[in-house]
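A.B. asks: Protein chains in written order, with numbering that gives the first Met the number 0: chain D, 0 to 58; chain G, 0 to 253.
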Amino acid sequence: MNTASVSLGASVSSQSRFVQLALAAFLGVFVMGFVGFSHIDAVHNAAHDYRHSMGFPCH
Amino acid sequence: MTLFRNVVFIAAIAGLVAGVVLACMQAYATVPLILKAEVYEQAGGGHTHDHGLSPAAAGSNAMSSAVPAEAATAEDEGWAPADGFERFAFTVVANVVTGIGFALILVAASELAGGIGNWRQGLFWGLAGFAVFTLAPNLGLPPELPAMPPADLAQRQIWWTATVVATAAGLGLLAFRKSLPLAVIAVALIVAPHIVGAPQPDSFESPIPEGLHHQFVVAVTLTNLVFWLVLGAVVGVVRGRLTGAATGLRDSLA
Numbered sequence: 000m001n002t003a004s005v006s007l008g009a010s011v012s013s014q015s016r017f018v019q020l021a022l023a024a025f026l027g028v029f030v031m032g033f034v035g036f037s038h039i040d041a042v043h044n045a046a047h048d049y050r051h052s053m054g055f056p057c058h
Numbered sequence: 000m001t002l003f004r005n006v007v008f009i010a011a012i013a014g015l016v017a018g019v020v021l022a023c024m025q026a027y028a029t030v031p032l033i034l035k036a037e038v039y040e041q042a043g044g045g046h047t048h049d050h051g052l053s054p055a056a057a058g059s060n061a062m063s064s065a066v067p068a069e070a071a072t073a074e075d076e077g078w079a080p081a082d083g084f085e086r087f088a089f090t091v092v093a094n095v096v097t098g099i100g101f102a103l104i105l106v107a108a109s110e111l112a113g114g115i116g117n118w119r120q121g122l123f124w125g126l127a128g129f130a131v132f133t134l135a136p137n138l139g140l141p142p143e144l145p146a147m148p149p150a151d152l153a154q155r156q157i158w159w160t161a162t163v164v165a166t167a168a169g170l171g172l173l174a175f176r177k178s179l180p181l182a183v184i185a186v187a188l189i190v191a192p193h194i195v196g197a198p199q200p201d202s203f204e205s206p207i208p209e210g211l212h213h214q215f216v217v218a219v220t221l222t223n224l225v226f227w228l229v230l231g232a233v234v235g236v237v238r239g240r241l242t243g244a245a246t247g248l249r250d251s252l253a
């Protein structure tokens with residue numbers, strides 16, 4: 000696969016790059032987990048139709 | 000934190016667009032089927048959203064089986080959005096918020112591999128996301144309608160998560176490592192969760208007609224396919240614009 004010629008934030012070191020990307024991915028997992036997997040009743044009820052529509056484990 | 004900020008910026012736009020698109024598709028394709036299933040659910044025994052009252056949960060917990068069903072229902076229901084506009088509004092919000100969550104994961108993963116350069120590369124990254132987050136887990140745990148007999152919730156969530164992680168790792172190895180042994184391991188990773196098998200309910204007896212469920216599975220799969228393609232493509236477009244600007248301004252965006 001040909002990669003993009005310019006990267007986002009080209010000036011950062013590779014280590015800092017990895018940390019920032021990991022942080023972004025972790026934030027994504029957290030958001031998804033809270034809306035889709037939380038056992039809190041109010042969250043479940045609010046996102047009920049969404050969970051079913053995504054095939055997330057529900058009930 | 001320039002990189003982090005750019006990733007969040009791209010993910011926010013892509014998640015917003017793809018989330019709204021998905022919510023619109025759900026309004027026509029999946030939500031009407033859920034409402035239909037709730038009619039069967041109510042006819043079959045009373046309550047919607049029967050958290051913790053499934054046969055599996057009651058069987059595994061002697062305490063809960065001792066509680067009278069009605070009392071437990073009243074306690075378990077909690078707050079819920081009113082049917083109609085409010086309920087749909089929360090579905091839209093859930094779609095946008097998780098759309099941004101999925102986009103964050105997609106952008107972060109693709110940046111590690113060099114980044115999504117344009118909308119066409121985005122389509123293929125989107126296909127990978129679809130395979131990881133929809134196809135693989137839904138093979139073992141088909142999308143369920145309300146009133147269908149569930150297995151234990153926590154066990155299903157663990158299986159779902161493990162399957163997503165294993166499939167993502169497998170696809171990553173296949174795509175970015177050019178070695179035969181690693182390719183073999185990759186295939187094993189993708190297949191393994193299905194050999195272990197998803198947690199199954201005690202009984203498959205369900206008031207939901209088979210046809211309705213089949214229709215729902217097709218609707219969920221196709222709406223998610225379009226969601227992931229849109230998400231990947233929008234990431235490609237927005238990222239292209241952002242990096243284009245960065246070359247022009249030489250990181251003065253920072």
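We put the CB at the ideal spot given by N, CA and C, even for glycine.
Values in this document were obtained by computation on a predicted structure and should not be read as measured data.
1) Below 8 Å between beta carbons: does that hold for residue 220 of chain G and residue 31 of chain D?
2) Under the rule that 16 or more other beta-carbon atoms within 10 Å means buried, what is residue 82 of chain G, buried or exposed?
3) Taking only beta-carbon atoms, is residue 79 of chain G less than 8 Å away from chain D?
4) Within 8 Å of any Cβ in chain D, is that where the Cβ of residue 86 of chain G sits?
5) Tell me which same chain residues have a C-beta within less than 8 Å of the C-beta of residue 146 of chain G, skipping the five on either side of it?
6) Taking 8 Å as the threshold (beta carbon to beta carbon), is residue 63 of chain G in contact with chain D?
7) Any beta carbon of chain G sitting closer than 8 Å to that of residue 12 of chain D?
8) Given 8 Å as the limit, is there contact between the region 17-31 of chain G and the region 104-118 of chain G, that is, 3 or more CB pairs closer than that?
9) Whose C-beta lies closer than 8 Å to the C-beta of residue 131 of chain G among residues of the same chain, with five residues either side of it excluded?
10) Does residue 201 of chain G pass the burial test, meaning 16 or more other C-beta atoms within 10 Å, or should it be called exposed?
11) I'd like to know if residue 214 of chain G contacts chain D, where contact means its C-beta is closer than 8 Å to some C-beta of that chain.
12) Determine, for residue 52 of chain D, whether the minimum Cβ-Cβ distance to residues of chain G falls below 8 Å.
13) Going by CA-CA distance only, name the one from G/33, G/121, G/136, G/120 that's closest to residue 191 of chain G.
14) Taking 8 Å as the CB-CB limit, is residue 257 of chain G close to chain D?
15) Is any beta-carbon of chain D found at less than 8 Å from that of residue 224 of chain G?
16) Please check if any C-beta of chain D sits within less than 8 Å of the C-beta of residue 204 of chain G.
17) From this set, G/232, G/159, G/14, which residue's C-alpha is nearest residue 198 of chain G's C-alpha?
18) Indicate the three-state DSSP secondary structure (helix, strand or coil) for residue 81 of chain G in the structure shown.
19) Which whole-angstrom value is the C-beta distance of residue 215 of chain G and residue 34 of chain G, which I expect to be below 8 Å?
20) Is residue 145 of chain G near the ligand SAM, with its Cβ less than 7 Å from a heavy atom?
21) On the criterion of 16 or more Cβ atoms from any shown chain inside 10 Å, does residue 46 of chain D qualify as buried, or is it exposed?
22) Against residue 104 of chain G, what residues of chain D qualify as contacts under a CB-to-CB distance less than 7 Å, listed in chain order?
23) According to DSSP, is residue 12 of chain D part of a helix, a strand, or is it coil?
C.D. replies: Working from what's here:
1) Residue 220 of chain G places its beta carbon 8 Å or farther from that of residue 31 of chain D.
2) Exposed, since its Cβ has fewer than 16 Cβ neighbours within 10 Å.
3) Chain D, which has a Cβ nearer than 8 Å to the Cβ of residue 79 of chain G, makes this yes.
4) With 8 Å as the cut-off, residue 86 of chain G counts as an interface residue toward chain D.
5) Only 36, 37, 39, 40, 43, 205, 206, 207 meet the Cβ criterion.
6) Residue placement at residue 63 of chain G is flagged as unreliable, the pLDDT there being 41, under the threshold of 50; a coordinate-derived value is accordingly withheld.
7) Cβ-Cβ to chain G under 8 Å: no for residue 12 of chain D.
8) No, the region 17-31 of chain G is not in contact with the region 104-118 of chain G.
9) Cβ neighbours of residue 131 of chain G beyond the five flanking positions: 163, 166, 167, 170.
10) Answer is exposed; the Cβ neighbour count stays below 16.
11) Chain D, which has no Cβ nearer than 8 Å to the Cβ of residue 214 of chain G, makes this no.
12) Closer than 8 Å: yes.
13) Nearest C-alpha to residue 191 of chain G: G/136.
14) With chain G covering only 0 through 253, there is no way to say anything about residue 257 of chain G.
15) Using a CB distance cut-off of 8 Å, residue 224 of chain G does not count as an interface residue toward chain D.
16) No, residue 204 of chain G lies away from the interface with chain D (no Cβ there is under 8 Å from its Cβ).
17) The shortest C-alpha separation from residue 198 of chain G is found at G/159.
18) Residue 81 of chain G falls in the coil class under three-state DSSP.
19) About 11 Å separates the two Cβ atoms, so there is no contact after all.
20) What this structure holds is no ligand at all, so the ligand SAM is not there to describe.
21) By the neighbour-count criterion, in which a residue is buried when 16 or more other Cβ atoms sit within 10 angstroms of its Cβ, residue 46 of chain D is buried.
22) The answer, in chain order, is 24, 27, 28.
23) Coil at residue 12 of chain D, not helix or strand.
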